[in-house]
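Respectively, the protein sequence lines represent chains R and Y. Note that the first sequence covers residues 1 to 225 in our numbering. Note that the second sequence covers residues 1001 to 1225 in our numbering.
2 protein chains.
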Amino acid sequence: MTRVLVVDDEPQLRRALQISLRARGFEVLLAADGTEALHLFRTTQPEIVILDIGLPDLDGLEVLAAIRRQSTVPVIMLSARVDSADKVDALDAGADDYVTKPFGMDELLARLRAAIRRADTAPDAGPVVVTASFTVDLAAKKVIRDGAVVHLTPTEWGMLEMLVRHRGRLVTQTELLREVWGPAYSTESNYLRVYLAQLRRKLEPEPGNPRHLITDQRMGYRFEL
Amino acid sequence: MTRVLVVDDEPQLRRALQISLRARGFEVLLAADGTEALHLFRTTQPEIVILDIGLPDLDGLEVLAAIRRQSTVPVIMLSARVDSADKVDALDAGADDYVTKPFGMDELLARLRAAIRRADTAPDAGPVVVTASFTVDLAAKKVIRDGAVVHLTPTEWGMLEMLVRHRGRLVTQTELLREVWGPAYSTESNYLRVYLAQLRRKLEPEPGNPRHLITDQRMGYRFEL
DNA sequence: GGTCGCCGTCAGGACAGCGTCAAGAACCGC
DNA sequence: GCGGTTCTTGACGCTGTCCTGACGGCGACC
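What follows is the structure, given as structure tokens:
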């Protein structure tokens, strides 16, 4: 199901969009301000974003810039202002489309479909997770650090993928074992320790003092951005 | 220089667009009706099209459909009608954007830039992939190296095409087998190894130390530019 | 303060997967 | 039918990956 992130500070409009989009088969994620929007974006990686330009905390264009730094996901801007200069700014900042309020739901949906269609024909548009030290491209199955591709073995990649998909959350040893090595493996004979050390050596700036691949003693491991 | 095809039956608007676009560094091609537009499109292959929806002979949507049958070039529709249904039809028919008359030249130019940027970032638009060592023309099914066409067998081409279409991404052995040999083949009996070696011999400067046709042990293969 | 469990580290052996080669089978155009 | 191209297959050496066991450090708990 296609996930769409809707960012707008008007509760009525949010609800209207939620209902219309859900009826069209979209999975709808709602955010009322820029901070919430960016957090939701990072954690859920939606396929498309509808972004109001006037937000209580951050400017819509700032949110757009932050999204563009880590993704090429289609973004449709909403605005109450018909001013032509605003449109120009938004489109040049990397917006894919610009719709002025009030708008017909039909038109918005059509522009949504057009944006998704364009994104679908572009093969590259993969979800990308960016940290301060490296970038993980889940679709391409590759990691980029200092501009170069870091070579990972299948097991290393399997662990990293599992951790990144659950970024921010704790993943137990048992979960990792079952996911990477298969359901039969549930007791650990230090596979994990060896491979996690390997990942840290390849990815962490200071492998001895990890920032992203965190271990929670006696619980499991955690990936932080 | 970016070529833009402008299709509109109003001479004044045509001239205005021609002047503005030429001042912005575009090469402008003008057509006054649908037939002329399609002819010009086929012969000149412009990078972007601005297409009025109301034309004397063909409907703008028909022209759009004809273009879409042979190209994914960005098309921006113009219309005097603010009717929401028209926008929906145009966008669903494959238009990339929709601008209602009268419009500000700034806005049109911004939408033009946005459309071109999208097309540039979508590798799908350019069916030619260039590397440091050779050039792959996906549309013409040709590979050129050192100025000469490299002869590839159908199977070799199938593998290369699959890899190039997913350039940068990892492609698993199973995916390759299914795509090139058909869905029935899912286990590898060293077809891949033989043909990949063949491709490397024909394309890589150092076949023993490949730069573009990379293998990720136990995972699959990857095409790098 | 000692013991115990958990984690990180290291190095080495086993082995599956990869690259390579060459020869036979299948296919195609003439 | 014939020559040439293309595809398939088997064998073999080698490299990268995986797993293992041993060791040391650290904190928790008794």
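For each residue, glycine too, the CB sits at the ideal point set by N, CA and C. Computed from a predicted structure; not experimentally measured.
Going by alpha carbons, who is nearest to L225 (chain R) out of R:Q217, R:L160 and R:A85?
The candidate whose alpha carbon is nearest that of L225 (chain R) is R:L160.
Along chain Y, which residues have their Cβ under 8 Å away from the Cβ of D59 (chain R)?
Under the 8 Å cutoff, chain Y gives no residues; its nearest Cβ is about 18 Å from D59 (chain R).
Can you tell me which of the three DSSP states S79 (chain R) falls into?
The three-state secondary structure of S79 (chain R), taken from DSSP, is strand.
Using the DSSP secondary-structure output, state which residues sit across from T2 (chain R) in a beta bridge.
According to DSSP, T2 (chain R) bridges with nothing at all.
Using a C-beta to C-beta distance shorter than 9 Å, which residues of chain R count as neighbours of R1047 (chain Y)?
According to the sequence provided, residue 1047 (chain Y) is Glu. The question's Arg does not apply to it. Result: empty, since nearest Cβ-Cβ is about 15 Å, beyond 9 Å.
Contacting residues, own chain, Cβ-Cβ under 7 Å from T1274 (chain Y) (five flanking each side not counted):
Within the shown structure, residues of chain Y are numbered from 1001 to 1225, placing residue 1274 (chain Y) beyond reach of any answer.
Alpha carbons only, please: which of Y:P1046, Y:E1179, Y:Q1012 and Y:E1107 is nearest the one belonging to S226 (chain R)?
Any question about residue 226 (chain R) goes unanswered here, given that chain R covers just 1 to 225.
Contact belief for I76 (chain R) with L29 (chain R) at Cβ below 8 Å, rounded distance in angstroms:
About 15 Å; that fails the 8 Å criterion.
Using the Cα positions of V1082 (chain Y) and D89 (chain R), report the straight-line distance between them to the nearest angstrom.
The alpha-carbon atoms of V1082 (chain Y) and D89 (chain R) are separated by roughly 23 Å.
By DSSP, does A132 (chain R) sit in helix, in strand, or in coil?
Of the three classes helix, strand and coil, the one that applies to A132 (chain R) here is coil, per DSSP.
Are any of the Cβ atoms in chain R nearer than 9 Å to that of Q1217 (chain Y)?
A Cβ of chain R is located within less than 9 Å of the beta carbon of Q1217 (chain Y).
Does chain R have any CB closer than 9 Å to the CB of R1081 (chain Y)?
no
What residues from chain Y crowd round K202 (chain R), counting only those whose CB sits closer than 8 Å?
Per Cβ cutoff of 8 Å: no residues; K202 (chain R) is ~14 Å from chain Y at best.
Determine, using beta carbons only, whether K141 (chain R) comes closer than 9 Å to chain Y.
Answer yes: the Cβ-Cβ gap between K141 (chain R) and chain Y drops below 9 Å somewhere.
Start-end ranges of the alpha helix (DSSP H) lying completely within the region 1147-1206 of chain Y, minimum 4 residues
1154-1165, 1173-1181 and 1191-1203
Answer with buried or exposed for D52 (chain R), where buried requires no fewer than 16 other C-beta atoms within 10 angstroms of its C-beta.
buried
Give every residue of the same chain whose Cβ lies closer than 8 Å to the Cβ of L61 (chain R), excluding the five residues on either side of it in the sequence, and list them in chain order.
Excluding sequence neighbours, L61 (chain R) sits near I53, D89, A90 and A93.
Tell me which residues share the same chain as K101 (chain R) and place their Cβ nearer than 7 Å to its Cβ, disregarding the 5 neighbours each side in the sequence.
L78, S79 and A80
Per DSSP, cross-strand counterpart(s) of I214 (chain R)
R:R222
Identity of the residues DSSP links to E1027 (chain Y) by a beta bridge:
Y:R1003
R1145 (chain Y) - partner residues in DSSP beta bridges
Y:A1148
Where do the N-terminal and C-terminal ends of the alpha helix (DSSP H) with L91 (chain R) fall, by residue?
S84 to D92
Whose Cβ in chain Y lies nearer than 7 Å to the Cβ of S20 (chain R)?
In chain Y, no part has a C-beta under 7 Å from the C-beta of S20 (chain R); the shortest such distance is about 14 Å.
Using a Cβ cut-off of 7 Å, pull out every chain Y residue sitting near V88 (chain R), in sequence order please.
D1106, E1107 and A1110
What is the DSSP secondary structure of L1013 (chain Y), counted as helix, strand or coil?
helix
Quick one, are the C-beta atoms of E227 (chain R) and V4 (chain R) less than 9 Å apart?
Since the first and last residues shown for chain R are 1 and 225, residue 227 (chain R) lies out of range.
Is it right to say G1220 (chain Y) is buried, meaning 16 or more other beta carbons lie within 10 angstroms of its own, or is it exposed?
buried
Along the alpha helix (DSSP H) that carries T35 (chain R), what are the first and last residues, could you check?
G34 to T44
Candidates R:I19, R:L199, R:D216 and R:W157, of which the one nearest W181 (chain R) by Cα
Checked all of R:I19, R:L199, R:D216 and R:W157; the closest Cα to W181 (chain R) is R:W157.
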